[in-house]
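Peer 1: Before anything else, here's the structure in question.
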Amino acid sequence: MRHAAHKAAKVSHAQFSLSKALFTANRGSHTAKAVRMAQLAEGGAVVGLAPEVVDKLNEVAPMSRRAMREAAKAASRKSALVISASLAALVGTAATALAFSQQNASRLVLADDGTETSQIKRVSDGAASRSEGRTALKELASTSNNGGWQLGDTSASMDASLMSKSIADNPNVAVLMDQDSSALPANFNPNHATGDVGNAYEFSQCTWWVYVRRHQLGLPAGSHMGNGCQWADSARALGYWVDNTPRHVGDIIVFAAGQEGSDSYYGHVAIVEKINDDGSIVTSESGASLNGGTYSRTLTNVGDFQYIHY
């Protein structure tokens, strides 16, 4: 038993001596250099050793001076490559910025400078400008751009008097207002309420005919103006212009009750169809007995009636 134990102890001591020799000897096959070369030859591992022992050896084995020099050179080359790439990127960026700035500057010059370009044409033989026989400038025929404005039709002309100055929405009212511009009441509103919601008057009555005729002429008429004698007051309330002067075809004549043969209670209304040179007027009228028919008469006492305009 002693012999066996002693033998085992010798083996252990031998293993320790071998491990110590691998890292302390300066010569022989187990120097640090020899171990490093063996690692490089076998992919970084010592042949015949367990993997965990190999890992431990790789951690503690020192690098050779040549390996350190090669590592330093590789690091220097890598640093130089990085610096070169950075410089190239900076130069490229600066060149791009310079190109854009030059392009913008050229655009500004084109936009600001009012330059003109001309084309040089070759002068044909015999037409040299230095000839003694060239024509003086004052003798050259000159062109003119004088012209006139025309409407679409060359035979048409624009009459300023036909242009309406009124703000009336109804174009027929606007024309009449332009003709009466010097006589219009102050602050007259051509777009006043008309009271027109349709013909609400009994067929063939004088009021029915006045409503119909006004619409034929493109003029408004109230739908609920009352009896004939009440129309002047109803029109004033709505904003119509009412006075004692006949002015245009289409004016409404208002007869007071019993005036000129009108009904003694209801009165009467009619339409001015014509204003004669002597100031008399021609009317158009209707009545219940005419079954929708009309008649006319000439009145000379025009200042005795009230007239509704527009």
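Every letter in the sequence shown is one number past the one before it in this note's numbering, and letter 152, counting from 1, is 154. Every residue gets a Cβ at the ideal spot worked out from N, C-alpha and C, and that includes glycine.
Report the option in A202, Y312, A290 and G197 whose CA atom is closest to the CA atom of G220.
Peer 2: Comparing Cα-Cα distances from G220 to each of A202, Y312, A290 and G197, the minimum goes to Y312.
Peer 1: Rounded to whole angstroms, how far is the Cβ of D253 from the Cβ of Y297, which I believe are closer than 8 Å?
Peer 2: About 18 Å separates the two Cβ atoms, so there is no contact after all.
Peer 1: Excluding the five sequence neighbours on either side, which residues of its own chain have a C-beta within less than 7 Å of the C-beta of P187, listed in chain order?
Peer 2: Once the five neighbours on either side are set aside, the close Cβ partners of P187 are W243.
Peer 1: Could you check whether the Cβ of Y297 sits closer than 7 Å to any Cβ belonging to chain D?
Peer 2: Protein chains in the displayed structure number just one, and chain D is not present.
Peer 1: Does the Cβ of T98 have 16 or more other Cβ atoms within 10 Å, making it buried, or fewer, making it exposed?
Peer 2: The residue in question, T98, is exposed, as its Cβ has fewer than 16 Cβ neighbours within 10 Å.
Peer 1: Tell me where the alpha helix (DSSP H) around S314 begins and ends.
Peer 2: Nothing can be reported for residue 314: it is not among the residues displayed for the chain, which extend from 3 to 312.
Peer 1: Nearest to P192 by alpha carbon, out of S206, P222, V214 and T300?
Peer 2: Among S206, P222, V214 and T300, the Cα nearest to that of P192 is on P222.
Peer 1: Return the first residue and the last residue of the alpha helix (DSSP H) that Q308 is part of.
Peer 2: From DSSP, Q308 is part of no alpha helix (DSSP H) but of the beta strand (DSSP E) over Q308 to H311.
Peer 1: Quick check: the Cα distance between H5 and A52, rounded to an integer number of angstroms?
Peer 2: In this predicted model, H5 has a pLDDT of only 48, less than 50, meaning its place in the structure is not dependable; the value taken from the coordinates is given anyway. When rounded, the distance between both Cα atoms is 29 Å.
Peer 1: Excluding five sequence neighbours on each side, which residues of the same chain lie with their C-beta closer than 7 Å to the C-beta of H270?
Peer 2: Excluding sequence neighbours, H270 sits near C208, G230, F257 and S264.
Peer 1: What's the gap between the Cα of N201 and the Cα of S266?
Peer 2: Answer to the nearest angstrom: the Cα atoms are 24 Å apart.
Peer 1: If I follow the unbroken alpha helix (DSSP H) through V304, where does it start and stop?
Peer 2: Looking at the DSSP string, V304 is not in any alpha helix (DSSP H), and its letter there is neither H nor E.
Peer 1: Whose C-beta lies closer than 7 Å to the C-beta of N303 among residues of the same chain, with five residues either side of it excluded?
Peer 2: Cβ within range, chain order: n/a, list empty.
Peer 1: Cα separation between A195 and N278?
Peer 2: Going from the Cα of A195 to the Cα of N278 covers about 31 Å.
Peer 1: From the DSSP output, read off the bridge partner residues of F257.
Peer 2: F257 pairs with H270.
Peer 1: Return yes when the Cβ of V212 is within less than 7 Å of the Cβ of I273, no when it is not.
Peer 2: Taking 7 Å as the Cβ cut-off, I273 and V212 qualify as a contacting pair.
Peer 1: In chain order, what residues of the same chain lie with their CB nearer than 6 Å to the CB of R238, ignoring the 5 residues before and after it?
Peer 2: Result list for R238: V244, in chain order.
Peer 1: So V177 is in the beta strand (DSSP E); what residue range does that whole segment cover?
Peer 2: Premise fails: V177 lies in the alpha helix (DSSP H), P173 to Q181, not in any beta strand (DSSP E).
Peer 1: Report all residues from its chain with a CB closer than 7 Å to the CB of V199; omit the five preceding and five following residues, and keep chain order.
Peer 2: Excluding residues within five positions, the ones whose Cβ falls inside 7 Å are S225.
Peer 1: Determine the direct distance from the alpha carbon of K75 to that of A69, and round the result to whole angstroms.
Peer 2: Their backbone Cα atoms lie some 10 Å apart in a straight line.
Peer 1: Only counting the same chain, and skipping five residues up and downstream in sequence, which positions put a Cβ closer than 6 Å to that of G299?
Peer 2: Note that residue 299 is Arg in the sequence shown, not Gly. So the list reads T285, once near-sequence residues are dropped.
Peer 1: Any idea if A27 is buried or exposed, counting beta-carbon neighbours within 10 angstroms, 16 or more meaning buried?
Peer 2: Low local confidence applies: a pLDDT of 46 at A27 is under 50, so the model's placement there is unreliable, and no value is given.
Peer 1: Need the endpoints of the beta strand (DSSP E) that D245 sits in, please.
Peer 2: Looking at the DSSP string, the run of the beta strand (DSSP E) that includes D245 is W243 to D245.
Peer 1: Go ahead and pull the three-state DSSP assignment for Y203.
Peer 2: Of the three classes helix, strand and coil, the one that applies to Y203 here is coil, per DSSP.
Peer 1: Going by DSSP in three states, D279 sits in which element: helix, strand or coil?
Peer 2: D279 falls in the coil class under three-state DSSP.
Peer 1: Closest to H250 by C-alpha separation, out of A234, E262, S236 and G281, would be which residue?
Peer 2: The shortest Cα separation from H250 among A234, E262, S236 and G281 belongs to G281.
Peer 1: Could you tell me the distance, in whole angstroms, from the CA atom of I255 to the CA atom of N189?
Peer 2: Approximately 24 Å, taken between the alpha carbons.
Peer 1: Could you give the DSSP three-state label for T95: helix, strand or coil?
Peer 2: Reduced to three states, the DSSP call for T95 is helix.
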